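Engineer: This structure is in structure tokens; I'll ask about it shortly.
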Amino acid sequence: MSDLAGVARHVLDVARAGIPGWRLVVLAPPGDLPARLRDAGAAVLERPFGPDHGLRASTASLCHVVRTLRPAVVHSHLAYADIVVALAAGRGQRLVTTEHGIARDDTVYHRSSARTRAMAAVHTARLRRFDAVIAVSRATADAMVEKWRPRVPPVVVPNGVEMVARLAPLAPRPPHDAPQPGLRILSLARLAPEKRLPDLLDAFAVLRRDHSEARLTLAGTGPEEGALRAQVDRLGLGDAVALPGHLDAERAMAEHDVLAMLSVWENCSYALLDAATRGMGVVASDVGGNPEILPPTSLVDADDTAAVAAALAVQGLDVTARPTLGDWPTVEDMCARIAATYASAGAG
143 MSDLAGVARH VLDVARAGIP GWRLVVLAPP GDLPARLRDA GAAVLERPFG PDHGLRASTA
203 SLCHVVRTLR PAVVHSHLAY ADIVVALAAG RGQRLVTTEH GIARDDTVYH RSSARTRAMA
263 AVHTARLRRF DAVIAVSRAT ADAMVEKWRP RVPPVVVPNG VEMVARLAPL APRPPHDAPQ
323 PGLRILSLAR LAPEKRLPDL LDAFAVLRRD HSEARLTLAG TGPEEGALRA QVDRLGLGDA
383 VALPGHLDAE RAMAEHDVLA MLSVWENCSY ALLDAATRGM GVVASDVGGN PEILPPTSLV
443 DADDTAAVAA ALAVQGLDVT ARPTLGDWPT VEDMCARIAA TYASAGAG
């Protein structure tokens, strides 16, 4: 389990495992990721790239790398990198993209219908340049086809999990005849509207009626922190809810019983995967790629406060109801599928 989230976690996992038959070189902007990649033994080119550096610098960086390395495949992640690749990559490479962050309702990201329409047109145009498109869940692939109409069908390659993580122990609980510290519920999410944390607080208030020792940790930072703290005070939960800011994900999971995630949309959440590998209880909204990871006992309608509260109690108290990943792909499986996608795109 890595403390890097999302796409950075994915890239680091791929770099550690390697793509069979391929030499991997990562172009990344200055920051934590290049250092972690070097520690993993990966080849890294640290150059200005991404929204913080602007389109001109990003394009120049990519053009320099392509001219220098003459790669057979340019594989990009996230919309900005995809746009740069579509504009600046040469014609001698196969272009591959992995989509991590689409939502069924685009206003989750764009906040207005006009921007949603404009960005949909941009995505449709840039995908015409790509020879292969990878989606991290079936829900992601279906949303891409519906909204962006890629010229090649998306290939579903879920985020892999490390086998060692499946054996990671939970924090020990006291014996049944000892005083119980109460249910320990955790949210690992940006404090933003799309994470529906006010709904989680409302459900937690209901849960506390029957489980007065329950505790909730809202780990993360974001624009909704002030509103969430005000809601905690309004509900009289100041002694039961903590907002500690950023926490190490692995340690936080080891210290809690249930992970709660009521997001408007998720594609293939590493937090859900990691929680399931640890044997935690999990309660998540029935959206996006979540049903591809979790059983029905872990899925809820985030608007149904009573149902969310009941699911939190069941997942915390009944170990037999908790999700397991079974034969979920490992990181090595994921990398093998990426290699197969390169081959199907004509790269070699």
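Number 490 marks the last residue of the sequence shown (my numbering); no jumps. Yeah, the Cβ is synthetic: ideal placement off N, Cα and C, and Gly gets one too. A quick note: this is a predicted structure, and the numbers were derived from the prediction, not measured.
1. Whole angstroms are fine: how far does the CA of residue 229 sit from the CA of residue 397?
2. Tell me whether the beta-carbon of residue 278 lies closer than 8 Å to the beta-carbon of residue 299.
3. When DSSP builds the beta bridges, which residues end up paired with residue 240?
4. What ranges does the alpha helix (DSSP H) occupy inside the segment 145-217, keeping only unbroken runs of at least 4 residues that lie completely in it?
5. Does DSSP put residue 387 in a helix, in a strand, or in coil?
6. Would residue 264 and residue 235 qualify as a contact pair, given that the criterion is a beta-carbon distance under 8 Å?
7. Taking all protein chains shown into account, do 16 or more other C-beta atoms lie within 10 angstroms of the C-beta of residue 304, making it buried, or fewer, making it exposed?
8. Please report the distance separating the alpha-carbon of residue 269 from that of residue 242.
9. With C-beta atoms as the reference, is residue 207 less than 8 Å away from residue 185?
10. Determine the extent of the beta strand (DSSP E) in which residue 400 is found, giving its start and end residues.
11. With distance defined between alpha-carbon atoms, name the residue in 391, 284, 364, 377 nearest to residue 151.
12. Could you tell me the boundaries of the alpha helix (DSSP H) in which residue 258 lies?
13. Starting from the Cα of residue 410, find the closest Cα among 489, 472, 282 and give me that residue.
14. Ordered along the chain, which non-local residues of its own chain (more than five positions away) have a Cβ less than 7 Å from that of residue 374?
15. So if DSSP puts residue 298 in a beta bridge, which residue, or which two residues, is it bridged to?
16. Would you mind sorting residue 451 into buried or exposed? The rule is 16 or more other CB atoms within 10 Å of its CB.
17. For residue 453, which of 486, 479, 399, 415 has the nearest alpha-carbon?
18. Near residue 488, which residues of its chain fall below 8 Å by C-beta distance, leaving aside the five closest residues on each side in sequence?
19. Would you report the Cα separation of residue 474 and residue 160, rounded to the nearest angstrom?
20. May I ask you to report which of helix, strand or coil DSSP gives residue 317?
Structural biologist: Let me lay it out:
1. 46 Å
2. yes
3. 219, 276
4. 148-159, 174-181, 196-211
5. strand
6. no
7. buried
8. 14 Å
9. no
10. 400-403
11. 391
12. 255-269
13. When only C-alpha atoms are compared, the closest one is 282.
14. 343, 380, 383
15. 277.
16. Sixteen is the threshold: when 16 or more other Cβ atoms of the shown chains lie within 10 Å of the Cβ of residue 451, as they do, the residue is buried.
17. 399
18. 236, 273
19. Taken atom to atom, the span from the alpha-carbon of residue 474 to that of residue 160 is near 8 Å.
20. Bear in mind that the predicted position of residue 317 carries a pLDDT of just 43, short of 50, making it unreliable; the figure below should be weighed with that in mind. Note: residue 317 maps to coil in three-state DSSP.
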